[in-house]
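First the structure, in the form of structure tokens, and then the observations on it.
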Amino acid sequence: MKLENRIALITGGGRGIGRAIALAFARDGARVVLAARTAQQVEETAAEIGNEGIALPVVCDVSDVDSVQLMFARVSAKFGRGPDILVNNAGIAESAPLAKTDDDLWQRHLAINLSGTFYCTRAAVPAMLERGWGRVINVASIAGKTGAPYISAYSASKHGVLGLTRSTALEVAAKGITVNAICPGYVDTDMTTRGVENVTAKTGRSADQALEAIKKMSPQNRLITVEEIAALALLLASEEGRGINGQAINIDGGSVLF
Ligand code: NAD
84 MKLENRIALI TGGGRGIGRA IALAFARDGA RVVLAARTAQ QVEETAAEIG
134 NEGIALPVVC DVSDVDSVQL MFARVSAKFG RGPDILVNNA GIAESAPLAK
184 TDDDLWQRHL AINLSGTFYC TRAAVPAMLE RGWGRVINVA SIAGKTGAPY
234 ISAYSASKHG VLGLTRSTAL EVAAKGITVN AICPGYVDTD MTTRGVENVT
284 AKTGRSADQA LEAIKKMSPQ NRLITVEEIA ALALLLASEE GRGINGQAIN
334 IDGGSVLF
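Residues are numbered in my numbering as their position in the sequence shown, beginning at 1, plus a constant of 83.
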């Protein structure tokens, strides 16, 4: 059991990548806290984990600093301390041409994807420093390293996450804490399904054609699975992963090579 006695907080933990990470961490002995804006999916995932492990579902909007503070207070009330492992996974992805990227769309991406990651990290790190052990894992994107048409807000927010990752990693490197980012290509989740629907609506292509085009962006001509992301997160969270720090690791079949 790689994560025995660890408490892991996973934002966006009710579905998709966050859910897979929560299940993998719980299987390896962690007590997990699952956070999302609405209760249903985090409660369902927590109930699934609850048969064999310990899971706490929490409603939290990561873009709201007060909501984040309340979530950390709930974790401390339940477990007597803050999380040892923080996975900043909650995120949104909406596309629009730059000229049609309105202020709301822009602010939403920065607020959830970037400020949400910052608020949770700032809340988690002091207790990790006190204990001399911690892991912060940010689910960014290959869009945090490179650009693509129609995703300027998303891409800018994920580039920001990588800057936050690298600077925080160096600040805490000597204190037993690592901070890393996972940069997936297209993953088989609701987010990609919504992307396919969007392409279909805007281009008139069939859903199959749109999905094939997305798959072809990877040299492996396929979507990444959530289990592949969870396996990498488990390595980063474990003791064996302690030498990996400040990295932004692509898991995209080789479409981005830096
Ligand atoms: P998803 O839409 O299935 O899940 C996103 C999760 O984030 C949901 O649980 C949602 O409730 C939660 N969330 C959204 N806004 C929130 C907020 N304000 N507060 C709290 N929770 C909030 O998507 P996914 O594919 O599982 O994405 C997870 C992460 O992976 C995201 O950060 C996304 O940008 C990143 N990512 C996804 C892909 C992909 O192809 N699916 C690729 C690269 C990166």
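A virtual CB, placed ideally from N, CA and C, is assigned to each residue, including glycine.
Would you grab the beta carbon distance between residue i and residue j for me? Rounded to a whole angstrom, and I think it's under 8 angstroms.
i, j, result
"S146", "S198", "6 angstroms"
"C266", "I334", "7 angstroms"
"L245", "G227", "5 angstroms"
"T94", "A173", "4 angstroms"
"A119", "Q152", "17 angstroms between Cβ atoms; not a contact."
"I104", "A313", "5 angstroms"
"I327", "L319", "6 angstroms"
"T251", "T204", "6 angstroms"
"A109", "G136", "4 angstroms"
"G329", "L253", "6 angstroms"
"Y202", "V142", "Not a contact, Cβ separation roughly 15 angstroms."
"K367", "G215", "Any question about residue 367 goes unanswered here, given that the chain covers just 84 to 341."
Strictly by DSSP, which residues pair up with residue i?
i, result
"A331", "A264"
"V116", "L92, L139"
"R98", "Answer by DSSP bridge pairing: none, since R98 is not bridged."
"I220", "V170, N263"
"I307", "V270"
Considering only C-alpha positions, which residue in the set the options is nearest to residue i?
i, options, result
"N171", "D144, H192, L139, V222", "V222"
"F341", "S224, D273, A284, V270", "S224"
"E213", "Y233, L169, I260, R249", "I260"
"G165", "E295, G230, L247, V116", "V116"
"T184", "M274, L317, Y237", "Y237"
"G268", "S321, T248, G230, P209", "G230"
"I100", "G329, M274, V279, S289", "M274"
"V339", "P302, L317, G324", "P302"
"I132", "G112, V142, C143", "G112"
"P140", "Q124, S150, A239", "Q124"
"P232", "R157, L181, R277, L188", "L181"
"S159", "D187, M211, R191", "M211"
"A290", "K299, G243, G278", "G278"
"A138", "R89, D144, D186", "R89"
"L188", "A239, E323, D167", "A239"
"H242", "P209, T200, R102", "T200"
"V208", "A284, R191, D167", "D167"
"R191", "S150, R157, D144", "D144"
Do residue j and residue i have their beta-carbon atoms positioned less than 9 angstroms apart in this structure?
i, j, result
"V255", "V262", "yes"
"A296", "V309", "no"
"L92", "L193", "no"
"R114", "F162", "yes"
"L86", "S321", "yes"
"I234", "A316", "no"
"E248", "A264", "The question names Glu, but residue 248 is Thr in the sequence shown. Yes; because the gap between Cβ atoms is below 9 angstroms, this pair is in contact."
"R305", "K298", "yes"
Is it the case that the segment 122-129 contacts the segment 86-106, given that we only count it when at least three CB pairs across the two stretches are under 8 angstroms? yes
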